[in-house]
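Q: Sharing a structure, written as structure tokens. Questions coming.
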Amino acid sequence: MSPKSIPPQEIEGTPDWQHQAVFRRNTLPARSYHIPETSLLLNGQWEFSYTSCPEESPQPGDEDVPEDNWGTIEVPGHWQLQGHGRPHYTNTVFPIPVCPPFAPTDNPTGVYRRTFNVPSTWDASAQLRLRFDGVDSAYHIYVNGALVGYAEGSRNASEFDVTDFVKHDAPNDLFVKVYQWSSATYIEDQDQWWLSGIFRDVHLLAFPKTDRIDDWFLRTDLDAKYENATLQATVDVTASKSDSLKITLKELAKNGGAVITTKDAPVKSGDTKIDLDLAVSNPKKWTAETPYLYQVEITLGAHTIQQNIGFRKVELKGGLIRVNGVPIRIYGVNRHEHHPKFGRAVPLDFIKRDLLLMKTHNINSLRCSHYPPHPKLFDMCDELGLWVMDEADLETHGFYDCIARPLDIPEEWDYEERKKQTFPPAGKYTSQNPDWKEAYVDRMVQLVQRDKNHSSIIMWSLGNEAFYGDNHKAMETSTP
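Take the sequence shown: its position 327, counted from the start at 1, is 327 in full-length UniProt numbering, and no numbers get skipped.
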């Protein structure tokens, strides 16, 4: 049984946010980042109520909550930076009493609510989804008083099918209960400021009910001379009738938009996956110095998506990372997603300024430390030209302190001796603990599935400082 389907009674009444086996309920499979034209951005001012624990927080439909218990808050944003609670910085020490997988019962809780209307121009039969691109640390969502689902993974997106919950002819009530701490806190112990709330975009999305593109995975391969290329496409579909899937490769609009090649594949009712290869004669190659991009257009019936792609081949040969057959030299930095005023709710123009500043100073690569950044960062890296290591939202180094303090480690011990004495017992908390395996794997799946189509990403990281163990090994084999 998958964690997202565990009924409450099977975990002995433990709240979702207290159980490491429950990290998702009723979320849709992770997919490539794409916001369709039929989307409604729900950012802006929401109503907000802050309490010291979940039990004291308002419930959907509560009629007796005094109005003075509600204020307003900006989304995206953090409640600690808007007058509720305090920012908290730690490096290796956990910010909560350590008793995994349990979070403290004194667990500050923020309740967000707002209304929205489904645009009248949208197809009444469309599949409707709510998408949250970043919420710290865990949350339940309700639509019109009904529980829709639950998610953890602060820097990972979650998408919920709300088709059956939403009214098309009246305002809809959206209610989100966010918990500052959860079982996920034990595997999100990054060296950072602890900041809570809905800190990335929230969208209502409409997709065709059937005959739609659900996901796509584009790979580029080059021949032995690194001249001619093959564009390999795997497209996940929902198909209710016989049709044709069409893939078109063309220049970007700024480069004239000319069609280079196109290919069709038949689709039968019930098909879920279509593989298609396109031969491409001597395309311009993508590197961090020559970030040349093309556009891929995928069409099934009335549904079309577009994805920019660069032709490049990454190999490890002779102990060197080679791109298009040429060894690359990396001049890189770690990059935290942080703004002095807005925390991790970083404006896109600030992100681009960061990247341009890096390029100006001959920095050609970055590591997304220590979690997936805003998804649009990779569009910028593809366009500007940067080598990227994308990193899973996973770190557990606080358990080192739990082991090291009681040992009273002598100052003369070098790093290797400290590692020998402390890493194995620290790893037993989570990385070597099978109870955490599925939560670990989920974080790798979320990372790769969201970002898999970006030319700038040449390395994937399993996370940071987490005492490599069996659960990391499971992460390595969890993605294509």
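Glycine is no exception: its CB is placed at the ideal position from the N, C-alpha and C atoms. Quantities reported herein were computed from a predicted structural model and do not represent experimental measurements.
Apart from the five residues on each side of it in sequence, which residues of its chain come closer than 7 angstroms, Cβ to Cβ, to ASN362?
A: As a first step, residue 362 must be located in the sequence shown, where it is residue number 362. Within the same chain, ASN362 has close Cβ partners TYR331.
Q: Which value, in whole angstroms, describes the spacing of the CA atoms of GLY385 and THR51?
A: The residue you call residue 385 lines up with position 385 of the sequence shown. The residue you call residue 51 lines up with position 51 of the sequence shown. Going from the Cα of GLY385 to the Cα of THR51 covers about 45 angstroms.
Q: Might you give, ordered along the chain, the residues of its own chain that have their beta carbon closer than 7 angstroms to the beta carbon of PRO373, omitting 5 neighbours on each side?
A: Residue mapping note: residue 373 aligns to position 373 of the sequence shown, counting from 1. Excluding residues within five positions, the ones whose Cβ falls inside 7 angstroms are GLU337.
Q: By Cβ distance, which residues of its chain are closer than 8 angstroms to ALA302, with the 5 residues on each side in sequence left out?
A: Along the sequence shown, one-based indexing puts residue 302 at 302. Contacts found: PRO208 and ASP211.
Q: Would you report the Cα separation of SER154 and LYS225, rounded to the nearest angstrom?
A: Within the sequence shown, residue 154 is the residue found at index 154, counting from 1. Within the sequence shown, residue 225 is the residue found at index 225, counting from 1. Using only the alpha carbons, I get a separation of about 43 angstroms.
Q: Does the pairing of the segment 114 to 126 with the segment 177 to 190 give three or more beta-carbon distances under 8 angstroms?
A: The segment 114 to 126, when compared against the segment 177 to 190, does not touch it at the 8 angstroms Cβ threshold.
Q: Quick one: which unbroken alpha helix (DSSP H) runs of 4-plus residues sit fully inside the segment 373 to 409? Chain order, please.
A: Entirely contained in the segment 373 to 409, the alpha helix (DSSP H) runs reaching 4 residues are, in chain order, 376 to 384 and 398 to 407.
Q: Would you list the residues sitting across from ARG31 in a DSSP beta bridge?
A: Taking the sequence shown and counting its residues from 1, the one referred to as residue 31 is at position 31. Paired residues: none, contrary to the question.
Q: For SER39 and LYS177, which I take to be in contact (beta-carbon distance under 8 angstroms), what is that distance rounded to the nearest angstrom?
A: If you number the sequence shown from 1, residue 39 lands on position 39. If you number the sequence shown from 1, residue 177 lands on position 177. Actually they do not touch by this definition, with Cβ atoms about 24 angstroms apart.
Q: Is ALA474 helix, strand or coil by DSSP?
A: Along the sequence shown, one-based indexing puts residue 474 at 474. Helix at ALA474.
Q: Taking the beta strand (DSSP E) that PRO266 falls in, what are its first and last residues?
A: Taking the sequence shown and counting its residues from 1, the one referred to as residue 266 is at position 266. Element bounds for PRO266: 259 to 267.
Q: Whole angstroms is fine: what's the gap from GLN9's alpha carbon to TYR179's?
A: As a position in the sequence shown, residue 9 is number 9, starting the count at 1. As a position in the sequence shown, residue 179 is number 179, starting the count at 1. Confidence in GLN9 is poor, its pLDDT being 39 and thus under 50, which makes the residue's placement unreliable; the coordinate value appears in the next sentence. GLN9 and TYR179: Cα-Cα distance of roughly 21 angstroms.
Q: Among residues of its own chain, excluding the 5 on either side of THR72, which ones have a beta-carbon nearer than 8 angstroms to its beta-carbon?
A: Mapped onto the sequence shown, residue 72 falls at position 72. Closer than 8 angstroms at Cβ, skipping near neighbours: GLN45, TRP46, GLU47 and PHE48.
Q: Using a 10 Å radius around the Cβ and a threshold of 16 neighbouring Cβ atoms, would you call TYR415 buried or exposed?
A: If you number the sequence shown from 1, residue 415 lands on position 415. TYR415 should be labelled exposed.
Q: Enumerated in chain order, which unbroken segments of the beta strand (DSSP E) with a length of 3 residues or greater are wholly contained in the segment 98 to 144?
A: Counting only runs of 3 or more, we get 109 to 116, 127 to 132 and 138 to 143.
Q: Using only CA atoms, which one of LEU300, CYS368 and LEU252 lies nearest to GLY463?
A: Here residue 463 corresponds to residue number 463 of the sequence shown, with the count starting at 1. Among LEU300, CYS368 and LEU252, the Cα nearest to that of GLY463 belongs to CYS368.
Q: Which value, in whole angstroms, describes the spacing of the CA atoms of GLU188 and LYS420?
A: Working through the sequence shown from its first residue, we reach residue 188 at position 188. Working through the sequence shown from its first residue, we reach residue 420 at position 420. Near 23 angstroms, if we compare the C-alpha coordinates of LYS420 and GLU188.
Q: Does DSSP put ILE11 in a helix, in a strand, or in coil?
A: Here residue 11 corresponds to residue number 11 of the sequence shown, with the count starting at 1. Because ILE11 sits at a pLDDT of 49, beneath the cut-off of 50, its placement in the model cannot be relied upon, and the following sentence gives the value as read from the coordinates. Helix.
Q: Could you have a look at VAL22 and say whether DSSP puts it in helix, strand or coil?
A: Within the sequence shown, numbered from 1, the residue matching residue 22 stands at position 22. Reduced to three states, the DSSP call for VAL22 is coil.
Q: Given this structure, state the Cα-to-Cα distance separating TRP70 from ILE213, to the nearest angstrom.
A: Working through the sequence shown from its first residue, we reach residue 70 at position 70. Working through the sequence shown from its first residue, we reach residue 213 at position 213. Rounded to the nearest angstrom, the two C-alpha atoms are 41 angstroms apart.
Q: What ranges does the alpha helix (DSSP H) occupy inside the segment 300 to 327, keeping only unbroken runs of at least 4 residues that lie completely in it?
A: List check, alpha helix (DSSP H) in window: nothing returned.
Q: Compute the beta-carbon to beta-carbon distance between LEU293 and LEU252, rounded to the nearest angstrom, for a pair I have assumed lies under 8 angstroms.
A: Within the sequence shown, residue 293 is the residue found at index 293, counting from 1. Within the sequence shown, residue 252 is the residue found at index 252, counting from 1. About 6 angstroms; that satisfies the 8 angstroms criterion.
Q: Who are the Cβ neighbours of MET444 in its own chain at under 7 angstroms, not counting the five residues just before and after it?
A: Here residue 444 is taken as the residue at index 444 of the sequence shown, counted from 1. Around MET444: ALA392, LEU462, MET475, SER478 and THR479.
Q: So, do the segment 265 to 285 and the segment 226 to 236 have three or more beta carbon pairs nearer to each other than 8 angstroms?
A: Yes: the two stretches touch, three or more of their Cβ pairs being nearer than 8 angstroms.
Q: Pull up the distance between the alpha-carbon of SER431 and that of LEU407, whole angstroms please.
A: Along the sequence shown, read from residue 1 onward, the residue named residue 431 stands at position 431. Along the sequence shown, read from residue 1 onward, the residue named residue 407 stands at position 407. Cα to Cα, the separation comes out at about 21 angstroms.
Q: Given a threshold of 16 other Cβ atoms within 10 Å of its Cβ, counted over all protein chains shown, does ARG353 qualify as buried or as exposed?
A: What you label residue 353 is simply residue 353 of the sequence shown in a count that begins at 1. By the neighbour-count rule (16 or more Cβ atoms within 10 Å), ARG353 is not buried but exposed.
Q: If we count the other Cβ atoms within 10 Å of its Cβ and call it buried at 16 or more, is ASN334 buried or exposed?
A: Counting from 1 along the sequence shown, the entry for residue 334 is found at position 334. By the neighbour-count rule (16 or more Cβ atoms within 10 Å), ASN334 is not buried but exposed.
Q: Do you know offhand how far ILE260's Cα is from ILE305's?
A: Position 260 of the sequence shown, counted from the first residue, corresponds to residue 260. Position 305 of the sequence shown, counted from the first residue, corresponds to residue 305. If you take the alpha carbons of ILE260 and ILE305, they lie about 17 angstroms apart.
Q: State the start and end residues of the unbroken beta strand (DSSP E) segment that holds THR217.
A: If you number the sequence shown from 1, residue 217 lands on position 217. Here the sequence assigns Phe to residue 217, which means Thr is not the residue at that position. Note, PHE217: beta strand (DSSP E), 212 to 222.
Q: Between the beta-carbon of ILE298 and the beta-carbon of LYS341, is there less than 9 angstroms?
A: Within the sequence shown, the letter at position 298 stands for residue 298. Within the sequence shown, the letter at position 341 stands for residue 341. No, these two residues do not count as a Cβ contact at 9 angstroms.
Q: Taking 9 angstroms as the cut-off, decide whether the C-beta atoms of ILE141 and PHE116 are in contact.
A: Start at 1 with the first residue of the sequence shown, and residue 141 comes out as number 141. Start at 1 with the first residue of the sequence shown, and residue 116 comes out as number 116. No, they are not a contact pair.
Q: Under a three-way DSSP split, which group does ILE330 fall into?
A: The sequence position of residue 330 within the sequence shown is 330, counting from 1. Note: ILE330 maps to coil in three-state DSSP.
Q: For GLY257, is the classification buried or exposed, using 16 other Cβ atoms within 10 angstroms of its Cβ as the cut-off for buried?
A: For this step, residue 257 is matched to residue 257 along the sequence shown. That one is exposed.
Q: Express the C-alpha separation of LYS241 and GLY270 in angstroms, rounding to a whole number.
A: For the purposes of this step, residue 270 is identified with residue 270 of the sequence shown, where counting begins at 1. For the purposes of this step, residue 241 is identified with residue 241 of the sequence shown, where counting begins at 1. Those two C-alpha atoms are separated by around 8 angstroms.
Q: With distances taken from CA atoms, which of VAL237, HIS34 and ARG322 is nearest ASP451?
A: The residue labelled residue 451 in the question sits at position 451 within the sequence shown. For ASP451, the nearest C-alpha among the options comes from HIS34.
Q: How big is the Cα-Cα spacing for ASP133 and LEU204?
A: Against the sequence shown, residue 133 aligns to sequence position 133. Against the sequence shown, residue 204 aligns to sequence position 204. The alpha-carbon atoms of ASP133 and LEU204 are separated by roughly 12 angstroms.
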